[in-house]
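Here the structure comes first, spelled out in structure tokens, and everything after it is commentary.
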Amino acid sequence: MKRYLVTGAAGFIGFHLCRALLARGASIVGLDSLNNYYDVQLKRDRLRQLTSYPAFAFYQIDLVDREQIANLFKNEPCDFVIHLAAQAGVRYSLENPSAYIESNLVGFGNILEACRQQKTTHLVYASSSSVYGGNTKTPFSIHDNVDHPVSLYAATKKANELMAHTYSHLFNLPTTGLRFFTVYGPWGRPDMALFKFTKAILEEQPIDVFNDGNMKRDFTYIDDIVEGTIRAVEKVATPNVAWLGSAPDPGTSSAPYRIYNLGNHQPVELLFFIETLENCLGKKAKKNLLPLQPGDLPETCADLSDVVADLGFKPHTRIEDGIQKFVDWYREYYR
Numbered sequence: 004m005k006r007y008l009v010t011g012a013a014g015f016i017g018f019h020l021c022r023a024l025l026a027r028g029a030s031i032v033g034l035d036s037l038n039n040y041y042d043v044q045l046k047r048d049r050l051r052q053l054t055s056y057p058a059f060a061f062y063q064i065d066l067v068d069r070e071q072i073a074n075l076f077k078n079e080p081c082d083f084v085i086h087l088a089a090q091a092g093v094r095y096s097l098e099n100p101s102a103y104i105e106s107n108l109v110g111f112g113n114i115l116e117a118c119r120q121q122k123t124t125h126l127v128y129a130s131s132s133s134v135y136g137g138n139t140k141t142p143f144s145i146h147d148n149v150d151h152p153v154s155l156y157a158a159t160k161k162a163n164e165l166m167a168h169t170y171s172h173l174f175n176l177p178t179t180g181l182r183f184f185t186v187y188g189p190w191g192r193p194d195m196a197l198f199k200f201t202k203a204i205l206e207e208q209p210i211d212v213f214n215d216g217n218m219k220r221d222f223t224y225i226d227d228i229v230e231g232t233i234r235a236v237e238k239v240a241t242p243n244v245a246w247l248g249s250a251p252d253p254g255t256s257s258a259p260y261r262i263y264n265l266g267n268h269q270p271v272e273l274l275f276f277i278e279t280l281e282n283c284l285g286k287k288a289k290k291n292l293l294p295l296q297p298g299d300l301p302e303t304c305a306d307l308s309d310v311v312a313d314l315g316f317k318p319h320t321r322i323e324d325g326i327q328k329f330v331d332w333y334r335e336y337y338r
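Residue numbering for the sequence shown follows the working numbering, starting at 4 and increasing by one per position.
Structure representation (structure tokens):
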């Protein structure tokens with residue numbers, strides 16, 4: 004039986020990933036701080052489903068507690084570490100930058116060091132499409148330079164990739180970073196567009212539509228993200244023997260280090276996204292058109308050529324089907 008340590012186990016992606024791994028017969032050590040960035044009850048309800056499995060053990064620990072992290076790794080040895088815990092949200096990083104410094108930088112440093120000490124077989128961690136920042140060439144490729152983030156959240160995710168590379172290079176720790184593209188689906192985060200729009204439309208409140216709706220997002224359904232993540236975990240990162248320091252490839256390395264995009268490669272216009280949600284809800288939205296927010300990207304689109312070639316990953320969920328599944332869950336959960 005393979006054993007996984009999953010940080011952020013009570014989070015949106017972490018919950019779905021743990022559930023999928025448990026269904027495949029895995030043993031999981033779950034870690035989460037259960038912070039109050041959004042409704043803690045939603046996190047507890049996700050967690051309740053996981054703790055019903057005998058093969059799931061949960062620990063409430065904050066990433067910045069270096070001693071507790073080190074002890075957990077020592078006392079609960081695992082084959083693989085999947086690090087999903089982080090302070091999320093682009094706009095919130097403008098309001099509370101210290102939360103991102105502590106969780107995403109200090110916390111990730113503690114995870115890396117624990118992996119080094121325990122000689123972890125493979126560390127897979129969540130990066131973000133936001134690292135593409137000021138880049139305008141689409142689709143976004145892992146082989147493109149990403150040195151111009153436009154939010155502190157994006158900067159911390161780019162920093163995570165650099166920190167991981169250092170540990171891969173110095174200590175031969177295999178690491179794989181996954182750049183997630185706008186993940187959505189049942190049990191999603193209340194601070195994300197689909198959740199906020201659904202709640203507002205049902206309550207007949209206006210929704211904030213930024214950049215006057217002239218935005219495109221590579222919305223990726225949660226089941227596709229989970230499948231891609233599991234495939235990444237199972238393919239332990241190896242050095243790229245063709246890598247050259249004279250022409251360095253940002254997505255690979257001479258160390259056991261890899262970066263992949265996990266997206267849908269089907270950007271959706273925000274106004275079409277809202278129209279699809281209206282159809283699923285059977286109600287029209289009241290739109291409050293606003294300018295582009297600081298830190299936002301006008302368009303995201305994932306180049307999937309590497310992840311398809313290396314992992315056989317291919318998303319299959321249509322936006323219409325994914326939104327309907329979210330709406331069905333939302334109506335049932337909130338009655």
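Here a beta-carbon is modelled for each residue, glycine too, at the ideal position from N, C-alpha and C.
The alpha helix (DSSP H) enclosing residue i, as first and last residue numbers
i       : result
Asn-163 : 155-174
Gln-121 : 110-121
Asn-282 : 273-284
His-19  : 15-26
Ile-204 : 196-205
Leu-314 : 308-314
Gly-325 : 322-337
Thr-232 : 225-237
Leu-48  : The question names Leu, yet the displayed sequence has Asp at residue 48. Unbroken alpha helix (DSSP H) run through Asp-48: 43-53.
Lys-77  : 69-78
Glu-98  : 95-98
Limits of the unbroken beta strand (DSSP E) element including residue i
i       : result
Phe-213 : 209-213
Val-32  : 30-35
Thr-10  : 6-10
Leu-126 : 125-131
Gln-63  : 59-63
Leu-292 : 289-293
Gly-180 : 178-183
Ile-85  : 83-86
Leu-265 : 260-265
Candidates the options, of which the one nearest residue i by Cα
i       : options                            : result
Glu-302 : Cys-283, Ala-196, Ala-167, Ser-133 : Ser-133
Glu-70  : Gly-110, Glu-207, Gly-315, Trp-246 : Gly-110
Gly-191 : Ala-26, Arg-6, Tyr-41, Leu-24      : Tyr-41
Arg-338 : Pro-294, Leu-37, Leu-205           : Leu-205
Phe-59  : Asn-74, Ala-26, Val-67             : Ala-26
Leu-293 : Asn-214, His-172, Glu-335          : Asn-214
Asp-324 : Lys-46, Leu-284, Gln-121           : Leu-284
Leu-75  : Tyr-56, Asn-99, Gln-121, Leu-45    : Gln-121
Tyr-336 : Leu-8, Tyr-7, Leu-45               : Leu-45
Lys-100 : Ala-157, Asp-150, Ser-55, Cys-118  : One detail in the question is off: residue 100 reads as Pro in this sequence, not Lys. Residue Ala-157 is the option with its Cα nearest to Pro-100.
Val-239 : Leu-295, Ser-171, Gly-136, Lys-290 : Ser-171
Glu-272 : Pro-57, Asn-148, Ile-322, Ser-55   : Ile-322
Cys-339 : Lys-77, Asp-150, Met-195, Tyr-187  : Missing from the structure shown is residue 339; the chain here goes from 4 to 338 and no further.
Asp-68  : Leu-53, Asp-35, Asn-39, Ser-55     : Asp-35
Asn-267 : Tyr-187, Asp-252, Tyr-56, Val-149  : Tyr-187
His-151 : Arg-6, Tyr-135, Glu-164, Leu-165   : Tyr-135
Sequence-distant residues of the same chain with beta carbon closer than 6 Å to residue i, five excluded per side
i       : result
Tyr-333 : Thr-201
Met-4   : Ser-30
Glu-79  : Val-32
Leu-8   : Val-32, Cys-81, Val-84
Check whether residue i and residue j have beta carbons under 7 Å apart
i       : j       : result
Ala-305 : Phe-184 : yes
Arg-51  : Ala-13  : no
Phe-61  : Gly-28  : no
Leu-274 : Gly-216 : yes
His-146 : Gly-315 : no
Ser-130 : Arg-182 : yes
Lys-219 : Pro-270 : yes
Asp-82  : Thr-124 : yes
Tyr-103 : Thr-159 : yes
Ile-31  : Leu-37  : no
Ser-106 : Ala-89  : yes
Leu-115 : Gly-11  : no
Gly-235 : Thr-178 : Before going on, a small fix: residue 235 reads as Ala here, not Gly. It is not a contact, given that the beta carbons lie outside the stated cut-off.
Ile-72  : Asn-113 : yes
Glu-281 : Lys-287 : yes
Contact set for residue i: own chain, Cβ-Cβ below 8 Å, skip 5 residues either direction
i       : result
Thr-232 : Ile-16, Leu-20, Ile-85, Val-127, Leu-181, Leu-265
Asn-175 : Ala-258, Pro-259
Leu-97  : Ser-154, Leu-155, Pro-297, Gly-298
Lys-290 : Pro-209, Ile-210, Val-212, Gly-216, Ile-277
Pro-193 : Tyr-41, Asp-42, Leu-45, Lys-199, Lys-202
Ser-256 : His-168, Ser-171, His-172, Pro-242, Asn-243, Trp-246
Asp-252 : His-146, Asn-243, Trp-246
Residue i beta carbon near the ligand MG (any heavy atom closer than 6 Å)
i       : result
Val-153 : No copy of the ligand MG appears in this structure; indeed no ligand is present at all.
Neighbourhood of residue i by C-beta distance below 7 Å, restricted to the same chain and skipping five residues each side
i       : result
Thr-320 : Tyr-224, Asp-226, Asp-227
Leu-108 : Thr-159, Ala-162
Asp-309 : Ile-145, Gly-254, Tyr-263
Leu-295 : Phe-213, Asn-214, Pro-301
Legend entry - Stretch-stretch touch, CB-based, cutoff 8 Å, three pairs: the region 189-209 with the region 251-268: no
Inset, instruction - Take every Cβ of the region 220-234, pair it with every Cβ of the region 8-23, and state whether three or more of those distances are shorter than 8 Å. - result: yes
Legend entry - Segment contact, 8 Å Cβ cut-off, at least three pairs: the region 139-153 with the region 185-204: no
Inset, instruction - Give a yes or no on contact between the region 235-249 and the region 317-329, applying the rule of three or more CB pairs nearer than 8 Å. - result: no
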